[in-house]
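Participant: Below are the structure tokens for one structure; questions will follow.
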Amino acid sequence: MKVTVAIVTYKRAWALPYSLGSIANQTRKPDEVVIVLKPSGDGSKDVIKKFTSALPIRLILQGRGNFTDALQIAIDNADGDLVLFIDDDAVAEEKWIEKYITLFENLPNAGAIDGNVYKGYIDNGSVVKTAEPFYDEVLTRRVFYREPLPEFVGYIGWIAKSGFMGMVNPPYDGVFKYALLSGVNMAFRRDAVVSCPIADLFRKSRKGVWNEKILAYCAKRRGYDIYGARGTNAPTVWHLVHNQSLTRDKGFWHEFWLHYDRVANYWRLKKLGANVSFVSYIAACFASLRVKPLPRLLATIYAWSIRI
81 MKVTVAIVTY
91 KRAWALPYSL
101 GSIANQTRKP
111 DEVVIVLKPS
121 GDGSKDVIKK
131 FTSALPIRLI
141 LQGRGNFTDA
151 LQIAIDNADG
161 DLVLFIDDDA
171 VAEEKWIEKY
181 ITLFENLPNA
191 GAIDGNVYKG
201 YIDNGSVVKT
211 AEPFYDEVLT
221 RRVFYREPLP
231 EFVGYIGWIA
241 KSGFMGMVNP
251 PYDGVFKYAL
261 LSGVNMAFRR
271 DAVVSCPIAD
281 LFRKSRKGVW
291 NEKILAYCAK
301 RRGYDIYGAR
311 GTNAPTVWHL
321 VHNQSLTRDK
331 GFWHEFWLHY
341 DRVANYWRLK
351 KLGANVSFVS
361 YIAACFASLR
371 VKPLPRLLAT
381 IYAWSIRI
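Residues in the sequence shown are numbered consecutively from 81, following this note's numbering.
Written out as structure tokens, the structure reads:
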């Protein structure tokens, strides 16, 4: 299998040496590394150039657009049978590529797989790797608006008929059907997502939240299954802990734009042909207002007015 590693980056000159260094140290080298850089003047381009002798880098400068435009550029320019995404502020274990290849070889019906994401820290220039999960697993109640779309019945984590997400307690070891991919560490068969209009679906988004779930849905529509892998045999990355993030910011407008993406997801799925339920959607929208009601209410009204 030909492997493309894809990295989307913006204002991360400080983190790129760690991320690219981990790719250069892989036991199975990538066939190409597609980097989509939105220039910011922070020196990222110079950092990338330092790795051109160690990695088959194809650098693409993003002149306009947001994060999901960059994802689209990366997918459209990837030549690999597999496209492996890692964040520009994440560090991969040495067998990261090797483990993904093994998983896809053993799961011929897999269109997408994600792996372990643990917390990492920079201490005196070195990466401190922990066994602490970066994300909390948020379980959901099995209320009617959390019921899965027909395509995801039997999944541990799924996209619901409302366009929101649902999850039961996932195993801590093994491979399981799981649609809630993490963009920090995920991989696709290229033919599963090459026609997914991710940039168009998120053209009014500021955060790109749940883009991974839309890519998973596109892969599912192509006839593939989606998997999560956890434990010692799963591909592992360490996500560096810091405050400069699209999705980990704080404040009123941060929550507004996060929730816009949640509410707009119904319309994205509908455009892709999903059998979403408007009744479930309305119920989920109102239920979500129990937390941070003001920014979420305004975001809901905004999403209802402009959709996508």
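No residue lacks a Cβ here, since even glycine has one placed at the ideal position from N, Cα and C.
Should R310 go down as buried or exposed, given a rule of 16 or more other Cβ atoms within 10 Å for buried?
Facilitator: So R310 ends up on the buried side.
Participant: Helix, strand or coil: which one does DSSP assign to V207?
Facilitator: In the structure shown, V207 sits in a strand (DSSP, three-state: E or B).
Participant: Count the other C-beta atoms from every protein chain shown that fall within 10 angstroms of the C-beta of T316, then say buried if there are 16 or more, exposed otherwise.
Facilitator: Its Cβ being crowded by 16 or more others within 10 Å, T316 is buried.
Participant: Rounding to the nearest angstrom, what Cα-Cα distance links S262 and Y340 in this structure?
Facilitator: So the two alpha carbons sit approximately 19 angstroms from each other.
Participant: Report yes if the CB atom of A240 is closer than 9 angstroms to the CB atom of L229, and no otherwise.
Facilitator: Taking 9 angstroms as the Cβ cut-off, A240 and L229 qualify as a contacting pair.
Participant: What beta strand (DSSP E) runs, 3 residues minimum, are completely inside the region 156-212?
Facilitator: The region 156-212 contains these whole beta strand (DSSP E) runs: 162-166, 170-172, 190-194, 196-203.
Participant: If you reduce the DSSP assignment to three classes, tell me which class T107 lands in.
Facilitator: Three-state result, T107: coil.
Participant: With distance defined between alpha-carbon atoms, name the residue in L320, V116, D159, F131 nearest to A104.
Facilitator: When only C-alpha atoms are compared, the closest one is F131.
Participant: Going residue by residue through the region 267-315, where are the continuous beta strand (DSSP E) segments of at least 3 residues, counting only ones entirely within it?
Facilitator: Listed in chain order, they are 305-310.
Participant: Let me check understanding here. Comparing Cα to Cα, which of F282, A154, E173 lies closest to G200?
Facilitator: Checked all of F282, A154, E173; the closest Cα to G200 is E173.
Participant: Taking Cβ to Cβ, would you say V163 is nearer than 9 angstroms to R269?
Facilitator: In contact: V163 and R269 (Cβ atoms closer than 9 angstroms).
Participant: May I have the straight-line CA-CA distance separating N204 from V321, to the nearest angstrom?
Facilitator: So the alpha carbons of these two residues sit roughly 14 angstroms apart.
Participant: Taking Cβ positions, are R387 and A344 nearer each other than 9 angstroms?
Facilitator: Contact: yes.
Participant: Looking at the strands, I want to know which residues DSSP matches up with T132.
Facilitator: Answer by DSSP bridge pairing: none, since T132 is not bridged.
Participant: Looking at the unbroken beta strand (DSSP E) that takes in R138, where does it start and where does it end?
Facilitator: R138 -> beta strand (DSSP E) spans 137-141.
Participant: Across which residues does DSSP place I87 in a beta bridge pair?
Facilitator: The partner list for I87 (beta bridge, DSSP) reads I115.
Participant: Where D168 and F147 are concerned, what is the direct C-alpha to C-alpha distance, given to the nearest angstrom?
Facilitator: Computed Cα separation, rounded: 12 angstroms.
Participant: K257 lies in the beta strand (DSSP E); which residues open and close that run?
Facilitator: Counting along the chain, the beta strand (DSSP E) containing K257 begins and ends at 254-257.
Participant: Helix or strand or just coil, what does DSSP make of L374?
Facilitator: If DSSP states are grouped into helix, strand and coil, L374 belongs with the helices.
Participant: Just the C-alpha distance for V289 and N186, rounded to the nearest angstrom, thanks.
Facilitator: In a straight line, the C-alpha of V289 is about 30 angstroms away from that of N186.
Participant: According to the Cβ coordinates, are D159 and T84 closer than 9 angstroms?
Facilitator: Yes.
Participant: Look up M81 in the DSSP assignment and give the residues it is bridged to.
Facilitator: None; M81 has no bridge partner.
Participant: Determine the direct distance from the alpha carbon of S102 to that of W384, and round the result to whole angstroms.
Facilitator: Roughly 43 angstroms separates the two Cα atoms.
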